[in-house]
Every structure is written in C-alpha cells, then in structure tokens.
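**Q** Position 149 (the sequence shown) corresponds to 496 in the working numbering; numbering is contiguous. Note that the Cβ used here is the ideal one computed from N, Cα and C, for glycine as well. Predicted model, so just to flag it, every value in this text is computed and none were measured.
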Amino acid sequence: MMNTLAVNQLSTFRWDLETDAQAYAEHGFAGIGLFRPKVEDFGIDRCVELLADLNLSATSLSWAGGFTGSDGRGFNDAVRDAMSAVTDAANLRAETLIVLAGGRNNHIRRHARRTLCEALAKVSIVAEEFGVQIALEPFHPGCGHEWSFVNDLESTLQIIDMVGSPNLGIVLDTYHVGMDDDVLRWLPHVSPHVHLLQLGDGRHSPLGEMNRCLLGDGCVPIESIVQTLLDQGYQGPIEAEVIGEDVEPLEYEMVLAHTRRYLDQLTQSKVH
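1. In chain order, what residues of the same chain lie with their CB nearer than 6 Å to the CB of W533, ignoring the 5 residues before and after it?
2. Would you mind listing the alpha helix (DSSP H) stretches within the region 369 to 415 that are 4+ residues and don't spill past its ends, in chain order?
3. Anyone know if the C-beta pair for N514 and E475 falls short of 8 Å?
4. Give the DSSP bridge partners of I445, in chain order.
5. Measuring straight from C-alpha to C-alpha, what distance separates L483 and T503?
6. Mapping the DSSP letters down to three states, classify E475 as helix, strand or coil.
7. State the CB to CB distance for the pair G380 and S404, rounded to an integer number of angstroms; the pair is presumed to be in contact (CB under 8 Å).
8. Return helix, strand or coil for S417, following the three-state DSSP convention.
9. At what residues does the alpha helix (DSSP H) containing D435 begin and finish?
10. So is H542 buried or exposed if we call it buried at 16+ other beta carbons inside 10 Å?
11. Quick one: is N453 buried, meaning 16 or more other Cβ sit within 10 Å of its Cβ, or exposed?
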C-alpha cells in the first residue's frame with residue numbers, strides 16, 4: 348500500500364507556487380496541496396507544466412465553499428465559484444477539492460445545514476461529470492466558527508448521507524478533529540469516506556485562531572489516527588499542514604525537513 352506524502356501550500360504561505368513546488372520536490376515529497384490564490388497568481392497551465400516537470404501530483408485544491416454567506420458572498424455566487432473550482436481541479440488533475448461549509452451567519456443550525464446540502468448537491472453533479480472528488484472539512488469550533496459550522500466527524504457523516512453523492516467525502520485534518528476524545532472510536536465509521544488525510548498538531552485546543560506546532564510536538568494522537576486509518580485500508584494522500592504563530596518564526600526549509608523526518612518515522616516505509 349502506497350500513500351502519497353504531500354505538503355499543503357499554506358505551510359509555506361510566504362513563498363510563491365514555484366518556490367513551494369521546487370522545495371517540496373527537493374525534500375522528497377511526491378505531492379502538493381494547492382492553494383487557489385497561489386495557483387491563480389501563477390497560472391493553471393504553468394502550474395500543470397511545473398508539477399509535471401517536478402513529478403509532483405496535486406493531492407488537493409483548497410478551497411471552495413462559504414455557502415451560508417458568512418464571507419459576504421451570496422449563495423449563488425458561492426456555488427458558481429465552487430463549480431469553477433471543480434473545473435480548475437480537473438485541469439490541475441487535483442485528487443480532491445476541499446470544501447468549507449461557511450459559518451452559521453446567524454442562521455439556525457437546521458437552515459445552515461439545509462443550505463450546505465443544497466449547495467453540495469449542485470456542486471457534486473458537476474464534480475461527478477469532471478471526475479473530481481470533493482471533500483467537506485470539519486473545523487474545530489475553537490478556531491473555525493467563521494469558516495465552518497460543521498465541527499465534528501459525526502455531523503460531517505450526516506451531511507454526506509443527506510447529500511448522497513458517491514464522490515463527496517471527508518477531509519480528516521488531525522488538528523481539527525484529533526483532540527476529540529472520541530476520534531479513534533469514529534475512525535472505522537469515517538474511513539470509507541476519507542478522501543484526504545491532513546496532518547496537523549497543536550499543543551492545546553484551538554483558542555480563537557489556528558495555532559499548529561511542528562508535527563509530533565503537540566498533543567494530537569497522530570500516530571494512532573494514521574495507523575488506524577491505514578489498518579482500515581486508507582490509500583489516499585497524507586498531506587502535512589503546518590501553520591500558526593508557533594511555527595511562524597521558523598525557516599520554511601527547517602519546517603519541511605522536520606516534516607519529512609517525522610513522516611518517514613511515522614509511516615515506517617508504508618508510504619512514499
């Protein structure tokens with residue numbers, strides 16, 4: 348079983364796309380999690396050529412969503428943007444388009460969930476036509492109330508069941524769900540729906556903003572989560588996302604080198 352090791356571009360936020368891609372390849376990663384603003388600045392066609400030259404695969408494209416209007420856009424505008432992101436993901440050959448629900452935006456939870464399901468149903472039709480996986484990412488409530496009202500694995504599964512699209516799945520980010528005491532109990536139920544495993548660590552639960560630390564330096568049970576998913580047959584990418592005040596002062600080259608060493612030790616040759 349071979350899982351592609353990748354780094355999300357948010358981990359090297361200040362670099363441009365070309366610098367990201369070259370550095371990831373030099374550190375031996377086989378994949379890159381693409382960030383839409385960086386792709387737009389660089390150009391999709393140039394990005395495809397660059398990744399081919401470096402033998403990097405696009406493990407994800409982030410993000411689309413905000414369907415509840417929490418970012419100031421209307422529902423139809425957010426849906427159109429998500430459909431545009433689907434075509435971009437197809438052109439980039441990205442394995443998964445990451446979707447964020449949006450905050451509740453003063454809606455009652457039932458209405459917010461109904462709005463999200465309506466949007467996902469529309470986007471899923473286009474995604475199926477283009478052969479793109481879409482994956483909903485739950486956010487920890489301590490740092491993501493403006494990004495997503497979907498905060499845990501149970502509610503994410505409920506939404507996937509309600510939409511009923513075969514290509515809609517989950518982004519499991521260990522930073523957002525790994526501090527939940529019930530996460531290991533939920534993994535067998537979640538594993539068939541996981542399109543993307545993102546690794547993030549933190550020294551404490553989020554309080555206002557995301558503040559991740561270097562992988563392995565925090566309290567998230569990353570090893571147990573990864574091992575459980577691999578035992579359950581997960582064969583998708585493993586993508587590191589290392590951002591926050593704790594790592595902001597560190598040189599990106601150091602962050603990438605540490606991430607690579609950690610993943611090599613974690614996976615023990617089970618991935619490449």
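**A** In short, the structure shows the following:
1. L500
2. 383 to 389 and 391 to 401
3. yes
4. A482
5. 7 Å
6. helix
7. 10 Å between Cβ atoms; not a contact.
8. coil
9. F422 to L439
10. buried
11. exposed
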